[in-house]
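**Q**
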Amino acid sequence: MKPYIYSILFFLSIQISVAQTKEVILKKSYKVDENTIFELDLDNVAIVFEESFDDKIHFNYYMEFINYSDRKIKDLLGEVNVKVDRNNNNLKLGVKNSMLIGVNRKTLFSMDSLKSAIKESMIFYRNRKFLYKSKDSLLKQIRTSVGNDLQDYLFKNKKKYENEEFIKNQKKIKKTFIIKLPNYIRMNFKVLHSDITFNYDIKERVIFNSFRTRLKFKKLISRENKFQLINGFLYTEEIAGGFYKLKGVHPFRVGSISNSIIDLETSKMEVGEIKKNTSIKDFSSKVLFYNFNEDFKNFSFEGDYSKIYLYKVKKANYTMDVFGYNTVLKMDNNTTTFGDSKDKKLTKILQKKQKEHIKPSGNVAIELKNGIINLID
2 MKPYIYSILF FLSIQISVAQ TKEVILKKSY KVDENTIFEL DLDNVAIVFE ESFDDKIHFN
62 YYMEFINYSD RKIKDLLGEV NVKVDRNNNN LKLGVKNSML IGVNRKTLFS MDSLKSAIKE
122 SMIFYRNRKF LYKSKDSLLK QIRTSVGNDL QDYLFKNKKK YENEEFIKNQ KKIKKTFIIK
182 LPNYIRMNFK VLHSDITFNY DIKERVIFNS FRTRLKFKKL ISRENKFQLI NGFLYTEEIA
242 GGFYKLKGVH PFRVGSISNS IIDLETSKME VGEIKKNTSI KDFSSKVLFY NFNEDFKNFS
302 FEGDYSKIYL YKVKKANYTM DVFGYNTVLK MDNNTTTFGD SKDKKLTKIL QKKQKEHIKP
362 SGNVAIELKN GIINLID
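Residue 334 in the numbering used here sits at position 333 of the sequence shown, and the numbers go up by one each step.
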């Protein structure tokens, strides 16, 4: 019987080795300095950026294939295209992957489980979508998020919906791409269909152009930042400077914002705290302002077909002037329409004056056309 036992054990060891295979795609390091420009042209890839402290950029990209044959792994690796070029002090990373090999799926569900989860997540968020959030609670939501609202719900409730038998037999590719770089590096991004996460504060200038990309940052500090995003989502703990143009971004969540210009279109924005010198222009978005800093100075909002939400206005220590036409004001369970004029002339809708003997924390100036303003206490 012993030869048979040995054969079975050998067969099992072969099966295990075939079931999971690790392939290194890119593992290199490059010396850099404060004059280095890092350019990234990315398509269908998930990258986590971490800070390095040795004046080098380190690339570490590998994939683990589970339940794939060697032949299929070879075919899939042919759909991975990664290239690093260096020209003097310019370093360029190019990644172009197929849809099959690109971004990790956060969870695996059968179709029936997925349908049930989607239905229940819609009910969950519908009951909470306009509730007040403190700055700290929004920051916690940003930090713990793994994706958009549906992905977050699926991830946090995966034990309820995942089927172990279904998962065990599924083919899976785990992709890990970590780039470590010094915080003084300036970066230019061109990104499609990707996941980008930064685990450190970005102090230097970033230029970012993306389409259908999921972005997560800690702090964006430079006033020279320029972002142009179409679709996808953006989570960041703090924006402390720069210009940001977003179209179709759902959601855009920021813990606090200052010294910035925001240009929105058909997006949803949530702000934990408005700090000093911020202005927003919008077309047809939903914008929720939860809190204002004690010394925010000035904040301006210009919107057309916008829906905006302001919280705890009566208790707040700031002044406010609201002008508009064809605009609905919802306050204290009352709804009033203002300035529906043919000449589209702006009229004063609301004024919040300075509290007696108390210096205001700043002034809120709002111009709203064809929109809705909700004051929620």
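All residues carry an ideal CB built from backbone N, CA and C; glycine is no exception.
(1) Taking 6 Å as the limit between beta carbons, can you name the residues of its chain near residue 49, skipping five residues before and five after?
(2) May I ask you to report which of helix, strand or coil DSSP gives residue 64?
(3) Given this structure, state the Cα-to-Cα distance separating residue 210 from residue 359, to the nearest angstrom.
(4) Assess, as a yes-or-no matter, whether the stretch 336 to 352 is touched by the stretch 271 to 281 under the definition of 3 or more beta carbon pairs within less than 8 Å.
(5) Are the CB atoms of residue 172 and residue 200 nearer to each other than 8 Å?
(6) Going by DSSP, name the residue or residues bridged to residue 1.
(7) What is the rounded straight-line gap between the Cα of residue 150 and the Cα of residue 216?
(8) For residue 18, count the other beta carbons within 10 Å of its own beta carbon; 16 or more makes it buried, fewer makes it exposed. Which is it?
(9) Roughly how many angstroms separate the alpha carbons of residue 240 and residue 259, rounded to a whole number?
(10) Near residue 42, which residues of its chain fall below 6 Å by C-beta distance, leaving aside the five closest residues on each side in sequence?
(11) Go through its chain and collect everything with a Cβ distance to residue 88's Cβ below 7 Å, but skip five positions before and after it.
(12) Can you list, in chain order, the residues of its chain whose CB lies under 7 Å from that of residue 23, leaving out five sequence neighbours each side?
(13) Roughly how many whole angstroms lie between the Cα atoms of residue 5 and residue 70?
(14) Applying the 10 Å Cβ sphere with the 16-neighbour rule, what's the burial state of residue 302?
(15) How is residue 377 classed by DSSP in three states: helix, strand or coil?
(16) Residue 185 to residue 56, Cα distance in whole Å?
**A** Based on what the coordinates show:
(1) 179, 198
(2) strand
(3) 44 Å
(4) no
(5) no
(6) Only positions 2 to 378 of the chain appear in the structure, and residue 1 is not among them; the question remains open.
(7) 14 Å
(8) Residue placement at residue 18 is poorly supported in this model, since its pLDDT is 41, which falls under 50; the coordinates still yield a value, given next. It counts as exposed.
(9) 6 Å
(10) 95, 191
(11) none
(12) 63, 65
(13) For residue 5, the pLDDT reaches just 40, beneath the cut-off of 50, and the residue's location in the model is therefore unreliable, leaving the point undetermined.
(14) buried
(15) strand
(16) 9 Å
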